[in-house]
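Taking it in order: structure first as structure tokens, then the write-up.
Numbering (my numbering), first residue to last: 630 to 695.
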């Protein structure tokens, strides 16, 4: 349960960064280049958090993939 909570927290943090970057871009269009880097990093971080949780979940419950 704690690992699930941690994953949700991590993903919410990454999504919050995307939203914050969008708000900054709206208010300060000159920040676009800097904010694009932040936005572009988030999908990989979300994928990594999901994969980590999935691997731990599968290991805990003895789930094997064919």
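Here a beta-carbon is modelled for each residue, glycine too, at the ideal position from N, C-alpha and C.
Whole-number beta carbon distance between residue 678 and residue 640, since they are thought to touch under 8 Å: 6 Å
What residue range is occupied by the uninterrupted alpha helix (DSSP H) comprising residue 660? Run containing residue 660: none; DSSP gives neither H nor E here.
Select from 650, 644 and 687 the residue whose C-alpha is nearest the C-alpha of residue 662. The residue with the shortest Cα to Cα distance from residue 662 is 650.
Once DSSP output is grouped into helix, strand and coil, what is the label at residue 682? helix
So what's residue 694 in DSSP terms, helix, strand or just coil? Three-state result, residue 694: coil.
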